[in-house]
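Sequence positions in the sequence shown follow our numbering and run 106 to 658.
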Amino acid sequence: MEQFDFRRMSFYQIWIRSFADGNGDGIGDLYGVYDKLEYIASLGVDGIWFSPIYPSPNADYGYDISDYRNIHPDYGTLEQFQKVLNRAHTLGLKVILDLVVNHTSDEHPWFLESKKGRDNPYSDYYIWRDPKWKGESRLPPNNWYSQFEGLAWEYCPEREQYYLHVFAKKQPDLNMDNPKVREEVKDIMRFWLNMGVDGFREDVITYISKHPQLPDGIPFLPAINGLPYYKDGPNLMDYLREFRAVAMEYGALQIGEAPMTPVKTALTYLCGRDRVLDMMIQFDTMMADCIMTEYVHHPFSLIKLKKAFTKWQNALSGKAWNALYLENHDHPRVISRYGSEKYWRESGTMLAAAYLFQQGTPFIYQGQELGMTNIRLGSIEEYQDVASINAYHRFFRHQSEEKRMHRIHISSRDSARTPMQWNSKKNAGFSEAEPWFPVNPNFPNVNAEREETDPHSILNFYRKCLKLRKKSATLLWGTYREYLPHHRRIYLYERSYKTERVLIVCSFSEKEQTWKLPEGYSWSGVSMLLCNYPGKARPGILRPYEVQVFRWS
Ligand code: GLC
Ligand code: CA
């Protein structure tokens with residue numbers, strides 16, 4: 106079936122537990138989502154990506170699935186999901202779901218069966234290996250660490266074997282080399298596509314094919330030492346092709362999450378009519394203040410950010426299509442990272458223009474359009490995210506409590522998982538009941554209701570940008586070019602199409618900056634499309650975190 110044109114679109118990501126509580130138990134749900142669909146449509150986006158809404162013991166908040174064909178009772182029912190889906194479609198919004206098939210929950214019936222023994226129908230659904238013995242001591246099959254907690258292997262006394270878990274202990278990796286498992290995946294896809302879902306965001310999909318020998322990784326590298334042996338593995342293309350065939354029966358969209366996949370490899374998934382993924386979630390733009398993960402922090406580097414932006418823009422140009430994002434449920438809030446909480450409105454709006462006008466399909470994470478920032482909770486006991494808790498107890502354990510908590514504040518995924526700030530009433534209007542996770546105390550200032558009525562709010566700036574992008578052929582299809590790549594405070598990029606050129610100039614500084622037009626440009630014939638300061642902008646001068654967008658046509 107013909108695919109819809111995702112390149113013209115933009116998406117809004119919902120992490121449901123913190124979005125809107127519709128039935129008053131302190132947990133976001135599909136009743137709450139239903140009531141907010143008009144709000145989402147009002148942003149000017151064209152689709153919604155739901156992070157997992159399936160039954161899950163919540164060891165990794167939904168990314169540990171115990172039933173692929175149902176809705177978590179906290180979030181509603183299949184009927185309620187169908188209602189949300191239909192209403193979204195009526196409003197012109199596509200809906201894509203998270204497809205998490207690298208692993209399941211250890212409470213999934215497949216795993217419960219699989220761990221019982223070596224000769225039942227599910228025994229080969231997961232990656233089981235015999236122990237290694239050193240004299241009397243039983244050792245795991247190799248030296249891999251998991252990304253979330255300790256070693257990547259857990260011993261199962263019933264089978265007298267270890268199972269692999271690249272993430273948390275409660276997330277055993279599926280054995281995708283087993284054709285039955287791949288049939289299950291295709292069946293799950295069909296189940297949701299038959300309901301009317303428009304596609305999938307495919308969770309760590311580039312991890313599903315493991316190196317057959319599972320060799321030891323670099324001994325002293327924690328958390329990701331096995332990465333070279335499970336990322337972009339030998340059979341990945343074949344498996345993706347199988348899933349693609351199902352998606353294409355429905356014209357469904359496929360976006361693959363691909364941590365650490367280099368551009369060159371990315372192109373093999375993304376190019377041409379035979380592509381196996383329509384877009385990819387790369388991680389380079391998430392590393393302008395850290396190395397590999399937010400837990401290895403360094404001061405924000407604009408140069409690093411610009412390099413990442415430009416690398417992906419150039420490499421995919423004319424061949425493939427970018428997914429653009431600055432936030433999702435796995436990363437702290439971008440104003441707190443790449444902008445400035447002091448220049449909150451200015452940096453929040455500037456960051457929007459810094460990425461929404463690049464070539465690609467933008468994703469906006471719930472609350473990003475309001476300029477929500479990181480929460481700072483007092484103690485680790487208040488945190489819920491398995492990765493944060495593990496980092497606190499493992500990696501930061503030799504540091505003072507103060508330092509440890511500072512690291513959690515700047516790195517935790519929970520920073521982006523606080524309840525959505527709808528208004529300045531009780532619990533930020535998220536719920537009547539005590540919310541499942543603390544609300545950021547800045548909600549009286551940062552909330553949708555307040556920003557709705559302020560023409561200069563971050564919320565209304567996002568709306569303006571999305572509108573502008575949608576009606577401009579230059580912003581949609583134009584070529585990308587970066588100027589001043591070595592400038593440490595200014596990001597200047599151009600989009601050009603036929604006879605039109607648009608320049609976007611962004612200041613990442615608290616101080617006034619001056620800049621000059623690139624060669625071949627002059628101020629005559631220019632019009633200003635957008636600026637994030639009220640009042641008159643001065644060409645050539647940028648106030649703190651100012652962004653100006655100019656057009657020549
Ligand atoms: C992806 C998800 C993340 C999850 C992990 C394991 O990176 O985005 O939230 O913890 O995969 O499923
Ligand atoms: Ca609820």
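Cβ coordinates follow ideal geometry from the N, Cα and C atoms, glycine included.
(message) Let's see if you can read the secondary structure: which residues bound the alpha helix (DSSP H) around T195?
(response) 183-195
(message) Are the CB atoms of G133 and S123 within a distance shorter than 7 Å?
(response) yes
(message) Is any non-hydrogen atom of ligand 1 found closer than 6 Å to the C-beta of V309, if you look at the structure I gave you?
(response) yes
(message) Measuring alpha carbon to alpha carbon, tell me which residue in G127, L148, M391 is nearest Q118.
(response) L148
(request) Within 10 angstroms of the Cβ of R243, are there 16 or more other Cβ atoms? Answer buried if so, exposed if not. (result) exposed
(request) Over the uninterrupted alpha helix (DSSP H) stretch that includes K508, give me the two end residues. (result) 506-516
(request) For Q473, name the three-state secondary structure that DSSP assigns. (result) helix
(message) Using a 10 Å radius around the Cβ and a threshold of 16 neighbouring Cβ atoms, would you call Q504 buried or exposed?
(response) exposed
(message) Please report the straight-line C-alpha distance between P333 and G322, rounded to a whole angstrom.
(response) 8 Å
(request) Could you name the residues of the same chain whose beta carbon sits closer than 7 Å to that of Y231, not counting the 5 residues immediately before and after it, in chain order? (result) F216, S219, Y268, P277, D278, L279, N280
(request) Please list the segments of the alpha helix (DSSP H) lying wholly inside the segment 295-374, counting only runs of 4 or more residues, in order along the chain. (result) 332-335, 341-355
(request) Check M392 in the structure and name its three-state DSSP category. (result) coil
(request) Confirm, please, whether the CB-CB distance from Y585 to Q418 is below 7 Å. (result) yes
(message) Please state the DSSP three-state secondary structure of C611.
(response) strand
(message) According to DSSP, is W449 part of a helix, a strand, or is it coil?
(response) helix
(request) Whole angstroms is fine: what's the gap from W154's alpha carbon to E241's? (result) 50 Å
(message) Taking DSSP's pairing of strands, which residues face I646 in a bridge?
(response) T619
(request) Flag D389 as yes when its Cβ comes closer than 6 Å to any non-hydrogen atom of ligand 1, and as no otherwise. (result) no
(request) Could you tell me the distance, in whole angstroms, from the CA atom of R450 to the CA atom of N248? (result) 47 Å
(request) Would you kindly report the start and end of the unbroken beta strand (DSSP E) that includes S219? (result) Looking at the DSSP string, S219 is not in any beta strand (DSSP E); the run it does join, the alpha helix (DSSP H), is 214-219.
(message) Please determine whether the Cβ atom of N128 lies at a distance below 6 Å from any heavy atom of ligand 2.
(response) yes
(request) Go to Q582, then tell me how far its alpha helix (DSSP H) extends in each direction, as first and last residue. (result) With the sequence shown as reference, residue 582 is identified as Trp, and Gln is not the correct amino acid for it. Per DSSP, W582 belongs to the alpha helix (DSSP H) from 578-582.
(message) Just list the residues that DSSP pairs V401 with in beta bridges.
(response) None; V401 has no bridge partner.
(message) For M525 and L345, I'd like the C-alpha separation in whole angstroms.
(response) 35 Å
(message) Between the alpha carbons of N547 and N532, how many angstroms are there, rounded?
(response) 11 Å
(request) Report, in whole angstroms, the separation of the C-beta atoms of R438 and N479, which I expect to be a contact under 8 Å. (result) 5 Å
(request) Check each candidate in D165, N128, E143, F116 and name the one with the smallest Cα separation from R518. (result) D165
(message) Given the structure, does F124 come close to ligand 1, in the sense that its CB is under 6 Å from one of the ligand's heavy atoms?
(response) no
(request) Look up I408 in the DSSP assignment and say whether it is helix, strand or coil. (result) helix
(request) Measure how close the beta-carbons of F305 and A350 come, nearest whole angstrom, since I'm counting them as under 8 Å. (result) With a Cβ gap of about 14 Å, F305 and A350 do not count as contacting.
(request) Please classify H436: does DSSP put it in a helix, a strand, or coil? (result) coil
(request) Flag this pair as touching only if the segment 201-210 and the segment 289-308 have three or more C-beta atom pairs under 8 Å; answer yes or no. (result) yes
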